[in-house]
Amino acid sequence: MEKYRSRHEEEAEICRTVIQFEKEYMGRGPVETKSFLLEDLLVVRLKGVLTPSEIKLAASQERGRYLLKQVRQQLLDFGRPLLQSAVEEILGVPVQSIHTDISTKT
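The structure is reproduced here in structure tokens:
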């Protein structure tokens, strides 16, 4: 028999899972994580994920920001199956797609 979890409990579990993914896969966890379940949409907001060297690169020039976004996107693309399966296990439904962006200014 499956235990019912509230939306809040699922959001908290998603946050813990994303933090663990960031630490283990990306090498550093976020300073702040918040998740929002809105009907069939999950939004996860992370703050403080850039390393000091990434912050310097982003501040250096437009090309630096572009490179940082590209590298972060590639890293997430390679780790996507891990993250996707973890989210599917928590929510009990298949993930349709994952979209990501990283702000190099905030």
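Residues in the sequence shown are numbered from 218 upward in steps of one, following our numbering.
Glycine included, C-beta positions come from ideal geometry on N, C-alpha and C.
Measure the Cβ-Cβ separation of residue 233 and residue 254 and say whether it is below 7 angstroms. No, Cβ-Cβ distance for residue 233 and residue 254 is not below 7 angstroms.
Nearest to residue 265 by CA position, among 281, 259, 278 and 245, is which residue? Relative to the Cα of residue 265, the nearest Cα in the group 281, 259, 278 and 245 belongs to 245.
In or out: residue 258 buried (at least 16 other Cβ within 10 Å) or exposed? When all chains shown are included, residue 258 counts as exposed.
Who are residue 252's beta bridge partners in DSSP? DSSP lists 261 as the beta-bridge partner residues of residue 252.
Cβ neighbours of residue 300 in the same chain (closer than 6 angstroms, five flanking residues each side left out): Closer than 6 angstroms at the Cβ level, and outside the excluded window around residue 300, lie 238.
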